[in-house]
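A.B. asks: Heads up: the sequence shown runs through residues 0 to 261, numbered per numbering that gives the first Met the number 0.
Below: one structure in structure tokens.
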Amino acid sequence: MKIGIIGATGWLGSALGAGLLSRQIVRPGDLVLLNRSGPRPDYHDHADVTWARDVADLVAQSDVIVVSVRPEDWPELALRAEGRLVLSFMAGVDARELARCGGRIVRVMPNAAAEIGGSYSPFWVAEGVTDADRDTVRRLLSAIGTTDELETEAQIDLMTALPGSGAAYPALMAVAMAGFMQAQGVSEPIAWRAAEAAVIGGARLLEGRISEAPAMVAAYRDYRGTTAAGLEAAEAAGFSRAVVAALEAATDKARRMAKGPA
């Protein structure tokens, strides 16, 4: 099976290509690549991949096509992919629009952790996608992390807002934490290490058991120590409301992108 990646050297396209090759899910000769800047002498240390001349050439050589470009670049692709399985990594381009290409449509929402094989990339399938196609999708996405199949296309917008955000919200929290420490006179390197301990080290305690987060928060509250005081102040300042507002805004943005210009 030959896999074509449009946007092969972009953030997500490159991560997928690297994962497929390093995990030997696809042989280099079965990977067909296209980008704006043209062929490169090697691709993740492989010189024997195939570089397509243009979109039509990529389609002609591929059984499965992954579209990993910015949503605004979709129209100019003029993709015609009859008989192909098409995976879209684009936010805001809905299945009705994607179906114009004639392929069997799957929408996927990876995130930046694909770069380290840690993306949670849920997917939704449109009409006509087979069980064999689903197996193919899961196999390809295993190259960059884990996945689940969603029940409705509308849930893709929600996934754009949450797992699709990648490290954005932890990074925002880290900036605020390090800024607080520096404002209190702590040197910059130590401030960043302290923030890393809270954001990265703390998160490891929840890895694999995230559903226990409410119990962990309750345990901190019950201890009635310094962290309990911080949690209460955060809630009083609107921490949870701010998170919900952020996710609502991101979801709304994804929905408006799908509708296109007013």
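All C-beta atoms in this analysis are idealised placements derived from N, C-alpha and C, irrespective of residue type, glycine included.
In angstroms with no decimal places, state the Cα-to-Cα distance between Leu15 and Ala142.
C.D. replies: Along the sequence shown, read from residue 1 onward, the residue named residue 15 stands at position 16. Along the sequence shown, read from residue 1 onward, the residue named residue 142 stands at position 143. Rounded to the nearest angstrom, the two C-alpha atoms are 6 Å apart.
A.B. asks: Rank Arg35, Pro169, Arg83 by C-alpha distance to the C-alpha of Lys1 and give the top, closest one.
C.D. replies: Stepping through the sequence shown from its first residue, residue 1 is reached at position 2. Closest option to Lys1, Cα to Cα, is Arg83.
A.B. asks: Expressed to the nearest angstrom, what Euclidean distance is found between the alpha-carbon atoms of Phe238 and Glu206?
C.D. replies: Locating residue 238 in the sequence shown gives position 239, counting from the first residue. Locating residue 206 in the sequence shown gives position 207, counting from the first residue. Phe238 and Glu206: Cα-Cα distance of roughly 22 Å.
A.B. asks: If I measure Cβ to Cβ from Met172 and keep anything under 7 Å in the same chain, skipping five residues before and after, which residues do I get?
C.D. replies: Counted from its first residue, the sequence shown places residue 172 at position 173. Closer than 7 Å at the Cβ level, and outside the excluded window around Met172, lie Val198.
A.B. asks: Exposed or buried, Gly117, counting other C-beta atoms within 10 Å across all chains shown (16 or more means buried)?
C.D. replies: Reading the sequence shown from its first residue, position 118 is the one you call residue 117. So Gly117 ends up on the exposed side.
A.B. asks: Roughly how many whole angstroms lie between the Cα atoms of Val243 and Glu211?
C.D. replies: Here residue 243 refers to the residue found at position 244 when the sequence shown is read from its first residue. Here residue 211 refers to the residue found at position 212 when the sequence shown is read from its first residue. Roughly 20 Å between the two C-alpha positions.
A.B. asks: Kindly indicate which three-state DSSP category Gly223 falls into: helix, strand or coil?
C.D. replies: Position 224 of the sequence shown holds residue 223. In the sequence as presented, Gly is not what sits at residue 223; that position holds Arg. Arg223: coil per DSSP, three-state reduction.
A.B. asks: Return the chain-ordered list of same chain residues with a C-beta closer than 6 Å to the C-beta of Pro162, the five sequence neighbours on each side being excluded.
C.D. replies: Here residue 162 refers to the residue found at position 163 of the sequence shown. Around Pro162: Asn110, Tyr119.
A.B. asks: Give me the residue from Val107, Ala94, Leu157, Asp147 with the minimum Cα distance to Gly127.
C.D. replies: Start at 1 with the first residue of the sequence shown, and residue 127 comes out as number 128. The residue with the shortest Cα to Cα distance from Gly127 is Ala94.
A.B. asks: Using a 10 Å radius around the Cβ and a threshold of 16 neighbouring Cβ atoms, would you call Ala264 buried or exposed?
C.D. replies: Residue coverage of the chain in this structure runs from 0 to 261, which leaves residue 264 outside it and unanswerable.
A.B. asks: Alpha carbons only, please: which of Ala235, Leu76, Ile115 is nearest the one belonging to Glu96?
C.D. replies: Within the sequence shown, residue 96 is the residue found at index 97, counting from 1. Per the Cα distances, Leu76.
A.B. asks: Locate the beta strand (DSSP E) running through Gly3, then write down its first and last residues.
C.D. replies: The residue labelled residue 3 in the question sits at position 4 within the sequence shown. Unbroken beta strand (DSSP E) run through Gly3: 2-5.
A.B. asks: Which residue's Cα is closest to the Cα of Thr135: Asp47, Ile64, Ala253?
C.D. replies: As a working mapping, residue 135 is identified with position 136 in the sequence shown. Of the candidates Asp47, Ile64, Ala253, the one whose C-alpha sits nearest the C-alpha of Thr135 is Ile64.
A.B. asks: When the distance is taken between beta carbons, is Thr49 closer than 8 Å to Leu30?
C.D. replies: The residue labelled residue 30 in the question sits at position 31 within the sequence shown. The residue labelled residue 49 in the question sits at position 50 within the sequence shown. Yes, they are a contact pair.
A.B. asks: Check this for me: beta carbons of Ala160 and Leu246, under 8 Å apart or not?
C.D. replies: Counted from its first residue, the sequence shown places residue 160 at position 161. Counted from its first residue, the sequence shown places residue 246 at position 247. In contact: Ala160 and Leu246 (Cβ atoms closer than 8 Å).
A.B. asks: For the candidate residues Ala90, Trp123, Glu150, whose alpha-carbon lies nearest to that of Arg69?
C.D. replies: Residue mapping note: residue 69 aligns to position 70 of the sequence shown, counting from 1. Nearest of Ala90, Trp123, Glu150 to Arg69, Cα basis: Ala90.
A.B. asks: What residue does the beta strand (DSSP E) around Leu86 start on, and which one ends it?
C.D. replies: For this step, residue 86 is matched to residue 87 along the sequence shown. Residue range 84-87 is occupied by the beta strand (DSSP E) that includes Leu86.
A.B. asks: Quick check on this structure: which residue in Val107, Ala55, Ala253 has the alpha carbon closest to the alpha carbon of Leu78?
C.D. replies: One-based indexing of the sequence shown puts residue 78 at position 79. Here the closest residue by C-alpha is Ala55.
A.B. asks: Name the two residues that bound the continuous alpha helix (DSSP H) containing Val92.
C.D. replies: Your numbering for residue 92 matches position 93 in the sequence shown. First-last for Val92: undefined, no H or E at that position.
A.B. asks: Runs of 4 residues minimum, wholly inside the stretch 128-193: which ones carry the alpha helix (DSSP H) assignment?
C.D. replies: 130-140, 153-160, 167-182
A.B. asks: Around the Cβ of Ser186, are there at least 16 other Cβ atoms within 10 angstroms (buried) or fewer (exposed)?
C.D. replies: As a position in the sequence shown, residue 186 is number 187, starting the count at 1. Exposed.
A.B. asks: Count the other CB atoms within 10 Å of the CB of Leu157; is the residue buried (16 or more) or exposed (fewer)?
C.D. replies: Counting from one through the sequence shown, the residue named residue 157 turns up at place 158. When all chains shown are included, Leu157 counts as buried.
A.B. asks: Grab the span of the beta strand (DSSP E) containing Leu205 for me, first residue to last.
C.D. replies: For the purposes of this step, residue 205 is identified with residue 206 of the sequence shown, where counting begins at 1. Where Leu205 is concerned, there is no enclosing beta strand (DSSP E), given that its DSSP letter is neither H nor E.
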